[in-house]
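Q:
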Amino acid sequence: MHMHRSSSSSSSCLPSLCSLHTFIGLAVILCVYFTLQTSISLQDKSLPSEQIKTVLPSSLEFLQPQRLQSKNIRLVDQQPFRPYEIPSTDQPPPYPKPETPTPKTTTTTKTTTTTTTTTTETEVLGGLAEDFVITWGDHRGKFHENGSLLTLSLDKHSGSGFESKNKYLFARIDMKIKLIPNNSAGTVTTFYMSSNGTTHDEIDFEFLGNTTGQPYTLHTNIYCQGKGNREQQFYLWFDPTTDFHSYSILWTPSRIVFFVDDTPIREFKNMESFGVPFPNKQPMRIISSLWNADDWATQGGKVHTDWSKAPFVASFRDFSASSCVWAFGSSSCDGSDPELMGSENGWLREELDSKSLEKMKWVQKNHMTYNYCNDKLRFHEGLPKECTIRRSKRGRQRQ
Ligand SMILES: *[C@@H]1O[C@H](CO)[C@@H](O)[C@H](O)[C@H]1NC(C)=O
Ligand SMILES: *[C@@H]1O[C@H](CO)[C@@H](O)[C@H](O)[C@H]1NC(C)=O
Ligand SMILES: *[C@@H]1O[C@H](CO)[C@@H](O)[C@H](O)[C@H]1NC(C)=O
Ligand SMILES: *[C@@H]1O[C@H](CO)[C@@H](O)[C@H](O)[C@H]1NC(C)=O
1 MHMHRSSSSS SSCLPSLCSL HTFIGLAVIL CVYFTLQTSI SLQDKSLPSE
51 QIKTVLPSSL EFLQPQRLQS KNIRLVDQQP FRPYEIPSTD QPPPYPKPET
101 PTPKTTTTTK TTTTTTTTTT ETEVLGGLAE DFVITWGDHR GKFHENGSLL
151 TLSLDKHSGS GFESKNKYLF ARIDMKIKLI PNNSAGTVTT FYMSSNGTTH
201 DEIDFEFLGN TTGQPYTLHT NIYCQGKGNR EQQFYLWFDP TTDFHSYSIL
251 WTPSRIVFFV DDTPIREFKN MESFGVPFPN KQPMRIISSL WNADDWATQG
301 GKVHTDWSKA PFVASFRDFS ASSCVWAFGS SSCDGSDPEL MGSENGWLRE
351 ELDSKSLEKM KWVQKNHMTY NYCNDKLRFH EGLPKECTIR RSKRGRQRQ
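1 is the number of the first residue of the sequence shown in UniProt numbering; add one for each residue after it.
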């Protein structure tokens, strides 16, 4: 721009006044200008496209969604893909379908089977249909076998999802899940608990698909008061696509534990006394979904969903829960009723015994692929408090 202006202003004086001297001077300037231009453009072409992105003005980052923003940060840092870059609550908005049959009639059919004579067998719904409603995805979410099996499917047009009818304030929930077989690259299956709003709490299992034969990534996270950033990821020690395996969340006033086939893989203790927030005030629903996230899910977004393999199907069965159901502003485990706090609700006081702790250690040593508590590069201003508390506690124990 600057060059251009100066050359046009000098060209107006060329025919009349300029001496040979200025003409040569100008020629030299132009020559230098063009040499610089070509070398810059050559350099541009030799840059890999990723590096070009790093020279984007940093102000642009604010215009981009969280995920892209962190991708750019990664490129600037020249670091490998950071597995925590997962927008765990970003799923397609649930599309509530008012035309879905009202849950009440389906749950009561068990006792009043005579009402089902006019309709198809699928109306006889017990099992999962007692606890869950399909919330979005049209016909892509389905109950089968009288409600004992639920499938979610994903095709080019939409994914699907379901949600618990109840809200819970503390629970121990188990679900058996069989993940999408073969090529599931680009897909994400979720099973999590969440409350609503900008300061919501959330406890996440997310299963990031992969190409045939490559391992699924089990992603876990915990949000308190709208803030997550507590990611841990694992490879499973079995193929989660050939059989049903159980995935459980224990959520009590004192801890959150993630289990896979009854093996604890992660524990997050209540450390409120150390100033670490813990989700214990907002009731949550159990939510599950299957959706396309091929812009980031598999191998950092490099592998895309192969729609020729659609529909992709994940299956759910054998849900069970010990829980404190939240209704009309109070909990079914209210402390005012000593009976409810008795043996039946022993899970509320469940702790990991030494054997379970051993197992968890084994999983974390051999199958954990990412732990936010070890990511000093990411938290360059200091690791989150809960990570360092645990360490200093351990240190104290050793002394
Ligand atoms: C579903 O329930 C009906 C009526 O109770 C029964 O006849 C049928 O065998 C059940 N189907 C399955 C797959 O369990
Ligand atoms: C997965 O791949 C196996 C082996 O190639 C094949 O037999 C099976 O039908 C595939 N399953 C699905 C659901 O596509
Ligand atoms: C969150 O809000 C949506 C929409 O109002 C509602 O359907 C859902 O049940 C709420 N979830 C919880 C846990 O309150
Ligand atoms: C998929 O497989 C690749 C190669 O083994 C692995 O690096 C990656 O972590 C796996 N998971 C995902 C979600 O990409």
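Ideal Cβ positions, reconstructed from N, Cα and C, are used throughout, including at glycine.
Values in this document were obtained by computation on a predicted structure and should not be read as measured data.
State yes or no: is the C-beta of serine 315 within less than 8 Å of the C-beta of glycine 161?
A: Numbered from its first residue, the sequence shown carries residue 315 at position 315. Numbered from its first residue, the sequence shown carries residue 161 at position 161. Not in contact: serine 315 and glycine 161 (Cβ atoms no closer than 8 Å).
Q: Can you name, in chain order, every residue of its own chain whose Cβ lies under 8 Å from the Cβ of leucine 149, other than the five neighbours on each side?
A: Translated into positions along the sequence shown, residue 149 becomes position 149. Hits under 8 Å: Gly127, Leu128, Phe143, Ser315, Phe316 and Arg317.
Q: Would you kindly check if the distance between the Cβ of phenylalanine 244 and the Cβ of lysine 176 is under 8 Å?
A: Counting from 1 along the sequence shown, the entry for residue 176 is found at position 176. Counting from 1 along the sequence shown, the entry for residue 244 is found at position 244. A contact, by the Cβ cut-off of 8 Å.
Q: So, does the stretch 358 to 373 touch the stretch 262 to 280, judging by three or more C-beta pairs under 8 Å?
A: Yes, the stretch 358 to 373 touches the stretch 262 to 280.
Q: Quick one: residues in its chain with C-beta nearer than 7 Å to the C-beta of leucine 169, no 5 flanking neighbours on either side, listed in chain order?
A: Locating residue 169 in the sequence shown gives position 169, where the first residue counts as 1. These residues qualify, in order along the chain: Pro283, Cys324, Trp326 and Ser331.
Q: Which residues mark the beginning and the end of the alpha helix (DSSP H) in which glutamine 364 is found?
A: As a position in the sequence shown, residue 364 is number 364, starting the count at 1. Segment 354 to 366, the alpha helix (DSSP H) holding glutamine 364.
Q: Have a look at glutamate 381 and arginine 230 and give me their C-alpha separation to the nearest angstrom.
A: Numbered from its first residue, the sequence shown carries residue 381 at position 381. Numbered from its first residue, the sequence shown carries residue 230 at position 230. One C-alpha to the other measures close to 16 Å.
Q: Kindly confirm or deny that the stretch 179 to 187 and the stretch 303 to 315 touch, where touching means at least three C-beta pairs closer than 8 Å.
A: Short answer: they touch.
Q: Starting from aspartate 294, trace the alpha helix (DSSP H) both ways and give me its first and last residue.
A: Counted from its first residue, the sequence shown places residue 294 at position 294. Counting along the chain, aspartate 294 falls outside any alpha helix (DSSP H), and DSSP gives it neither H nor E.
Q: Decide if glycine 147 is buried, meaning its Cβ has at least 16 other Cβ atoms within 10 Å, or exposed.
A: The sequence position of residue 147 within the sequence shown is 147, counting from 1. Its Cβ being crowded by 16 or more others within 10 Å, glycine 147 is buried.
Q: Taking the runs of the beta strand (DSSP E) that are 3 residues or longer, which of them lie wholly in the stretch 238 to 309?
A: Fully enclosed beta strand (DSSP E) runs of 3 or longer: 245 to 251, 255 to 260, 263 to 269 and 285 to 292.
Q: Residues bridged to arginine 230 by DSSP?
A: Within the sequence shown, numbered from 1, the residue matching residue 230 stands at position 230. Paired residues: none, contrary to the question.
Q: In or out: glycine 228 buried (at least 16 other Cβ within 10 Å) or exposed?
A: As a position in the sequence shown, residue 228 is number 228, starting the count at 1. By the 10 Å Cβ count, glycine 228 comes out buried.
Q: Per DSSP, what kind of secondary structure is lysine 167 in: helix, strand or coil?
A: Position 167 of the sequence shown, counting from 1, holds the residue named residue 167. Strand at lysine 167.
Q: Between tyrosine 192 and isoleucine 287, which are expected to be in contact by the criterion C-beta below 8 Å, what is the C-beta distance as a whole number of angstroms?
A: Within the sequence shown, residue 192 is the residue found at index 192, counting from 1. Within the sequence shown, residue 287 is the residue found at index 287, counting from 1. About 6 Å separates the two Cβ atoms, so the contact holds.
Q: At a cut-off of 7 Å, is residue 407 close to ligand 1 when judged by its beta-carbon and the heavy atoms of the ligand?
A: No information on residue 407 is available, as it lies outside the stretch 1 to 399 that the chain covers here.
Q: Alpha carbon to alpha carbon, how far is glycine 159 from threonine 151? Give it in angstroms, no decimals.
A: Start at 1 with the first residue of the sequence shown, and residue 151 comes out as number 151. Start at 1 with the first residue of the sequence shown, and residue 159 comes out as number 159. Answer to the nearest angstrom: the Cα atoms are 11 Å apart.
Q: With burial defined as no fewer than 16 other Cβ atoms inside 10 Å of the residue's Cβ, what is the status of alanine 321: buried or exposed?
A: By one-based count along the sequence shown, residue 321 stands at place 321. Buried.
Q: Is it buried or exposed for serine 195, if we count other Cβ within 10 angstroms and need 16 for buried?
A: If you number the sequence shown from 1, residue 195 lands on position 195. With 16 or more Cβ atoms within 10 Å of its Cβ, serine 195 is classed as buried.
Q: Taking the alpha-carbon positions, what's the glycine 226 to lysine 309 distance?
A: Residue mapping note: residue 226 aligns to position 226 of the sequence shown, counting from 1. Residue mapping note: residue 309 aligns to position 309 of the sequence shown, counting from 1. Looking at the two C-alpha atoms, the distance is approximately 36 Å.
Q: For a test of the three-state rule: what should DSSP assign to glycine 346, helix, strand or coil?
A: Taking the first residue of the sequence shown as position 1, residue 346 is located at position 346. Helix at glycine 346.
Q: Using DSSP's beta-bridge definition, name the partner residues of phenylalanine 316.
A: Here residue 316 refers to the residue found at position 316 when the sequence shown is read from its first residue. Leu150 and Ile177, per the DSSP bridge assignment.
Q: Can you give the beta carbon distance from isoleucine 180 to phenylalanine 312, rounded, assuming they're within the 8 Å contact cut?
A: The count along the sequence shown starts at 1 and reaches residue 180 at position 180. The count along the sequence shown starts at 1 and reaches residue 312 at position 312. The Cβ separation is near 5 Å, so the contact holds.
Q: Would you decide whether glutamate 206 is buried or exposed? Buried here means 16 or more other CB atoms lie within 10 Å of its CB.
A: Your numbering for residue 206 matches position 206 in the sequence shown. Counting Cβ neighbours within 10 Å, glutamate 206 comes out buried, since at least 16 surround it.
Q: Who are the Cβ neighbours of aspartate 294 in its own chain at under 6 Å, not counting the five residues just before and after it?
A: The residue labelled residue 294 in the question sits at position 294 within the sequence shown. So the qualifying residues of the chain are Gly186, His304 and Thr305.
Q: For asparagine 281 and glutamate 130, what's the separation of their Cα atoms in angstroms?
A: To locate residue 281, count along the sequence shown from 1; it is residue 281. To locate residue 130, count along the sequence shown from 1; it is residue 130. First, the amino acid is wrong: residue 281 is lysine here, not asparagine. When rounded, the distance between both Cα atoms is 26 Å.
Q: Would you check whether ligand 4 has a heavy atom nearer than 7 Å to the C-beta of leucine 218?
A: Looking up residue 218 in the sequence shown gives position 218. It does not: the Cβ of leucine 218 is nowhere closer than 7 Å to a heavy atom of ligand 4.
Q: How far does the beta strand (DSSP E) with glutamate 145 in it reach, from first residue to last?
A: Here the question's residue 145 lines up with position 145 in the sequence shown. Careful: glutamate 145 lies outside any beta strand (DSSP E) and carries neither H nor E.
Q: Starting from the Cα of histidine 200, find the closest Cα among Arg285, Trp291 and Gly137 and give me that residue.
A: Sequence index remark: in the sequence shown, residue 200 carries index 200 (1-based). Of the listed residues, the one whose Cα sits closest to histidine 200 is Arg285.
Q: Mind checking aspartate 138: buried by the 16 CB within 10 Å criterion, or exposed?
A: The residue labelled residue 138 in the question sits at position 138 within the sequence shown. The residue in question, aspartate 138, is exposed, as its Cβ has fewer than 16 Cβ neighbours within 10 Å.
Q: Going straight from the alpha carbon of asparagine 292 to that of leucine 154, what length do you get?
A: Reading the sequence shown from its first residue, position 292 is the one you call residue 292. Reading the sequence shown from its first residue, position 154 is the one you call residue 154. Going by the C-alpha atoms only, they are around 7 Å apart.
Q: Would you say asparagine 221 touches ligand 3, meaning its beta carbon is less than 7 Å from a heavy atom?
A: As a first step, residue 221 is located in the sequence shown; it is residue number 221 there, counting from the start. No, since every heavy atom of ligand 3 falls outside the 7 Å radius drawn around the Cβ of asparagine 221.
Q: Tyrosine 223 by DSSP, collapsed to three states: which one?
A: As a position in the sequence shown, residue 223 is number 223, starting the count at 1. Strand at tyrosine 223.
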